[in-house]
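For reference, the structure discussed in these notes is given below.
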Amino acid sequence: MATTRLTTSRAWLAAGTVLLTVAACASDPPPPLSVPPLKELTTRAGTVLTISPGQLLTATNGVTPVAFGKPAHGTIAYGAYGAMTYTPDAGFTGTDQLPVTVSHAVRIYAEDETPLLIVGEVAVQANAHGSAIAAVPGSADEIYGLADRGPNVDGRTAGEKVLPIPTFHPQIAKLKLRDGVASLEQIITLSGKDGAPLVGLIDPRASTGESLVDLNGNRLPPSDHGLDTEGLVAMPDGTFWVSDEYGPFIVHFDANGKELERFSPYDGTLPEELSLRAPNQGMEGLTITPDGGTLVGIMQSALVTPGLAGSSRSVPITRIVTINLANRGDVHEYLYPLADPQHTKVLVSEIAAISATTFLIDERDDRPQPNGDKKIYAADVSGATDVGPRSALPGASYRADGGGLLIDGVPIETFVGVGPDAAAIDKLKTAGIAVTTKTLRLDLSGLLRSLSPNGDFFGHDHVEGLIGRDNGNTLIIANDSDFGIDGLAGGPAATPPFQLKPKMLPNGTQDSGEILVVDTTRLPATTESVMVPIKVG
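Per my numbering, residue 1 is the first one in the sequence shown, and the count goes up by one each step.
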């Protein structure tokens, strides 16, 4: 029978040592645990040494470690929450040397939170606040991170999803970035207008075709409080805007997480055609223009419009949606070309505003490093054609219930069809539609391979959070860890009560949340080698 354990305290786990803090309520977490940096790394003979991120940075004079060599008299391994473990060889005493490759071009911070649940021997991790990130207004070293609908894995049949914690509440975490750790300062649980917490169950207005079940295989009903949170904007007045994948909806929350208002494709406050999103590919990204006047969202992939032949994942366009907050009816849509998704399998995971018309957009596939394809583009909508309800495109018509703007009587995605992006751009041009222009800003996968050819450094598959600072010269990037779980043990043949399979990274650790900061003014990245002494005895 499946063994499950709920965990409520927060801990730093080190080999041979457990340091605990007393748990407080979710809205007022305990102060983040900090391990004082050591002036020198020491361990007893035959004893494993766990080196915290802060200790590593002290040992490298604050320059980020990106790769590790083999010590002469011991072994090194990656540990949980950004730590490393050093094991001296049997019988060795003296000073060993740990080769470390460092780079000034990047900084990294690991979320260090106690798991939400233990199922058998598999932890369902809590450090999963990278579905979206947003700067904390007025703070240089804090960010907000957004969790999605909660832990879930593929079930026994196509369309079945298993939710280990059906009562999980979508939430915003306030994180402080310091000494290699993204420390939890606050959890803001999202709730409806009635004050009842939101959940990750499917909204009955926005069916995904999925069947949700719990660990015992029991069917989970839809909920009018269901939201699959994916995009985040933090306003100077303390409120938040959040986009989701179900509706898709865009929801305004107060500073305590209570819903204030909602845009929806089912009541005319968002274009109705957006409801044609593919399952789990709704409004994946959300941002706001620097003047605070316009919300800008982006769909993860092409809409499933009437008459579309083939998979929408292979149609090389998606939609950027803008909403004028001073005039809510002033809504526009622009087409964004994806980089040949039929072959690259890329989709959009985030959008971040640089100006009123220029945005950073994260395109990524589902593969971990070193084989992943993650790129950040600068996109400009200033010359793009509006294809939304207010479009003035000659010869076109608009049907809200027929897929939106129609070209030769068919919706845009159906008109474009499956194929390469270059052909799609040319075809749209013949119809009088100019797409968003884009230029490559950062080949993230290429950068990561240059730092760690084996994929050990920030090797995540789902790179989903993005903040652009200093006109986009500094990029803050987060991963969605999927709560550290990757499926059912036993796969489609599994029987309830279900056991889980952990989601593992190339460096051998369970996937968890990390924040990567890239200084693009230091690219191409250079590295140097340093020797970190470890005293044994």
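Every residue, glycine too, gets a C-beta built ideally from N, C-alpha and C.
Query                                                                                                                      : Result
Integer Cβ distance of Leu227 from Pro271, believed to fall under 8 Å                                                      : Between Pro271 and Leu227 the Cβ distance is about 19 Å, and since that is not below 8 Å, they are no contact.
Exposed unless 16 or more other CB atoms sit within 10 angstroms - verdict on Leu260                                       : exposed
Alpha helix (DSSP H) segment containing Ala353, residue limits                                                             : Taken as a continuous stretch (DSSP letters only), Ala353 belongs to no alpha helix (DSSP H), being part of the beta strand (DSSP E) at Leu347 to Ala353.
Reference Gly94; option with closest CA among Arg44, Asn371 and Ile76                                                      : Arg44
Sufficient close CB pairs (3 or more, under 8 Å) joining the stretch 508 to 515 to the stretch 84 to 94                    : no
Distance between Ala494 and Leu500 (C-alpha atoms, nearest Å)                                                              : 10 Å
Three-state secondary structure (DSSP) of Ile425                                                                           : helix
Cut-off 8 Å between Cβ atoms - residues of its own chain near Asp401, not counting five sequence neighbours on either side : Glu272
Ile412 - containing alpha helix (DSSP H), residue span                                                                     : Ile412 to Val416
Helix, strand or coil at Asp373 [DSSP, three-state]                                                                        : coil
Glu284, DSSP secondary structure in three states                                                                           : strand
Simplified DSSP state of Tyr398, which is helix, strand or coil                                                            : strand
Sheet register partners of Val153 (DSSP bridge)                                                                            : Val162
Cβ of Thr58 within 8 Å of any chain D Cβ                                                                                   : You won't find chain D in this structure, because it holds only one protein chain.
Cβ shell of Glu528 (< 7 Å), same chain only, five flanking positions each side left out                                    : Val102
Among Pro53, Lys70, Ala134 and Gly490, the one whose alpha carbon lies nearest that of Thr64                               : Pro53
Coarse secondary structure for Gln186, derived from DSSP in three states                                                   : strand
Ala392 versus Val315 - alpha carbon distance                                                                               : 24 Å
Nearest residue (CA-CA) to Val517, options Met299, Ser207, Ala83 and Asp141                                                : Asp141
Alpha-carbon spacing of Asn371 relative to Pro394, whole angstroms                                                         : 44 Å
Nonlocal neighbours in the same chain, by C-beta distance under 6 Å from Pro420, ignoring five residues either side        : Asp340
Pair within 8 Å by beta-carbon distance, Gly388 and Val304                                                                 : no
Cβ-Cβ distance between Val410 and Gly307 below 8 Å                                                                         : yes
Cutoff 8 Å; reference Thr531; Cβ partners in own chain excluding five residues on either side                              : Checking the sequence shown, residue 531 turns out to be Met, not Thr. The residues are Gln97, Leu98, Pro99 and Val100.
CB of Asn479 within 8 Å of CB of His462, strictly                                                                          : yes
Distance, Gly257 Cα to Gln300 Cα                                                                                           : 25 Å
Trp241 to Gly145 span [Cα, whole Å]                                                                                        : 13 Å
Helix, strand or coil at Pro170 according to DSSP, with G and I counted as helix                                           : coil
Own chain residues within Cβ distance below 8 Å of Asp28, not counting five before or after                                : Any answer about Asp28 is weak, because its pLDDT of 37 lies below 50 and its placement is not dependable; what the coordinates show is given next. Excluding positions up to five away in sequence, the list reads Gln186.
Beta strand (DSSP E) runs wholly inside the stretch 196 to 274, at least 3 long, in chain order                            : 211 to 213, 229 to 234, 240 to 244, 250 to 253 and 259 to 263
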